Amino acid sequence: MKKSFAFGILAASSLLVACGAASNSSTPASTPASTPASTPVSEASSATPVSEASSVTPVQEASSEAPAEATVVYAVSGSNDELYNMFGAFEFYGFLYSDHTGIIYRATVGSTGENKNIPVVDEADNLELRYKVTVDEEENISTLEASINKTKYTGYQDQSGNFVIKDFKFTFAGSYSRPVDFTISETVPYETVDAWKEAIAEKYASRVAEATVLDTFAGPVNYADGEEAGQPFMANFGSYGTFPVTAKLEVLSDFTAKLVYGVGGANGGASFDGTWAVNNDTVHVITYGENKQIVGVKDGTHEKFTWNIAHEVKGESGEVVSTINLTAELVWVDPTATN
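The number in this note's numbering is simply the position in the sequence shown, starting from 1, with 4 added.
Below is the structure:
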């Protein structure tokens, strides 16, 4: 609503009244004096009239025009799906505006559970930024300087003319982090966040997580009790000889686990399928068989497990003739190590 204000000063003049002197003390009060004793003063003759609001500068009306609305100049996109098989994927999309501000949204796409392949956007994951584009006319190169969550990044143009910001680190699930590259383009593929989410859902609709091995733990199998306690347990293969038995635990990305002991796999031993979870001490709890469990123990920056095994000795017809108590100390295996 427009509002106007007017200010003014009301000029006032004093009215001076001339009084005539009586001719003498005997003249009746009702008889006017024939000759005034003084000349009457005209109204306001001794004062200069003041023009209305002459000493006040009028206040200019406030402008009714609203500031120009910021418009979308660039679209921002990025993706990281390297953890899809064990956790999920991360998709990014947002806008840079003409007022040099911007926002980037993050969608987490789970690979398991009730939200499998459904993009979930949490406001807490939004990235706010400010940016500016500078042009080097001599080199004919443009760069985009951006401050994302108060950290400065520089985007350089690629062959297609888009700006690319490399290795932005985003965090998830507490303190875990991963890098993502942001592509900033004048082409805006999605006008709204909802349209972008629909495209993400379609992208992952038919994707299935493939279980991969996250960690491997291995060690020798020894006798657990009796006179041979602590001695290596050997598997007898007749004319082929006897061989030491080893055990191995694999923790997989789909929250399953595999326990195996034997020679060259489960030869002379057995294998068990199980599941894993992480407890409050941030170590793995492996559940297998009939609700049997083994729990990891901190071992420097990794874990180790003690696996107690009841090894069944079977007869020629497959019946169990005896049980031997064994134990295996399983330590983390460096996947980059070479034999």
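Each residue gets a CB set at the ideal place from its N, CA and C atoms; glycine is no exception. It should be emphasised that the depicted structure is a prediction, and the values quoted were computed from it without experimental measurement.
Rounded to the nearest angstrom, what separates residue i and residue j at their Cα positions?
{"i": "Asp198", "j": "Val192", "result": "14 Å"}
{"i": "Pro224", "j": "Ala205", "result": "47 Å"}
{"i": "Gly273", "j": "Val217", "result": "22 Å"}
{"i": "Ser83", "j": "Glu333", "result": "40 Å"}
{"i": "Ile108", "j": "Asn130", "result": "6 Å"}
{"i": "Met90", "j": "Lys120", "result": "12 Å"}
{"i": "Gly304", "j": "Pro123", "result": "37 Å"}
{"i": "Glu320", "j": "Leu330", "result": "22 Å"}
{"i": "Leu133", "j": "Ala150", "result": "7 Å"}
{"i": "Ala72", "j": "Leu148", "result": "23 Å"}
{"i": "Lys302", "j": "Ala177", "result": "21 Å"}
{"i": "Asn284", "j": "Tyr101", "result": "44 Å"}
Return the residue from the list the options that minimises the CA-CA distance to residue i.
{"i": "Phe259", "options": "Val249, Gly278, Asn271, Ile169", "result": "Gly278"}
{"i": "Gly106", "options": "Ile169, Val80, Val125", "result": "Val80"}
{"i": "Tyr97", "options": "Pro236, Ala203, Ala332, Val282", "result": "Ala203"}
{"i": "Ala233", "options": "Lys207, Ile328, Leu334, Pro123", "result": "Ile328"}
{"i": "Glu307", "options": "Ala314, Ile298, Ile313", "result": "Ile298"}
{"i": "Ala215", "options": "Lys201, Ser257, Ala209", "result": "Ser257"}
{"i": "Val125", "options": "Ile145, His104, Gly114, Ser102", "result": "Gly114"}
{"i": "Lys296", "options": "Ala314, Asp285, Tyr194, Val282", "result": "Ala314"}
{"i": "Arg182", "options": "Ser189, Ile188, Phe174", "result": "Phe174"}
{"i": "Phe221", "options": "Trp336, Ser102, Val76", "result": "Trp336"}
{"i": "Lys170", "options": "Thr112, Tyr157, Ala177", "result": "Tyr157"}
{"i": "Thr291", "options": "Asn312, Val317, Ala261", "result": "Ala261"}
{"i": "Ala111", "options": "Ser189, Lys154, Trp200, Leu253", "result": "Trp200"}
At which residues does the alpha helix (DSSP H) containing residue i begin and terminate?
{"i": "Lys201", "result": "197-208"}
Which residues mark the beginning and the end of the beta strand (DSSP E) in which residue i is found?
{"i": "Asn240", "result": "238-240"}
{"i": "Ile415", "result": "The requested residue 415 is not part of the displayed model; the chain covers only 5 to 343."}
{"i": "Asn84", "result": "76-84"}
{"i": "Glu307", "result": "306-318"}
{"i": "Gly114", "result": "105-114"}
{"i": "Leu131", "result": "131-140"}
{"i": "Lys156", "result": "155-161"}
{"i": "Ser147", "result": "Looking at the sequence shown, residue 147 is not Ser but Thr. Looking at the DSSP string, the run of the beta strand (DSSP E) that includes Thr147 is 145-152."}
{"i": "Ile188", "result": "180-189"}
Going by DSSP, which residues form a beta bridge with residue i?
{"i": "Asn226", "result": "Pro236, Thr331"}
{"i": "Gly98", "result": "Val80, Ile108"}
{"i": "Val264", "result": "Lys252, Ser275"}
{"i": "Phe259", "result": "DSSP, once it has assigned bridges, lists no residue as partnering Phe259."}
Is there a Cβ from chain C that is less than 7 Å from the Cβ of residue i?
{"i": "Glu190", "result": "Considering every chain present, this structure includes no chain C. It has just one protein chain."}
Does the ligand GDP have even one heavy atom less than 6 Å from the beta-carbon of residue i?
{"i": "Gly92", "result": "No copy of the ligand GDP occurs in the structure displayed, which carries no ligand at all."}
Task: Validate contact between the stretch 262-270 and the stretch 232-250 using beta carbons, cut 8 Å, 3 pairs - done: yes
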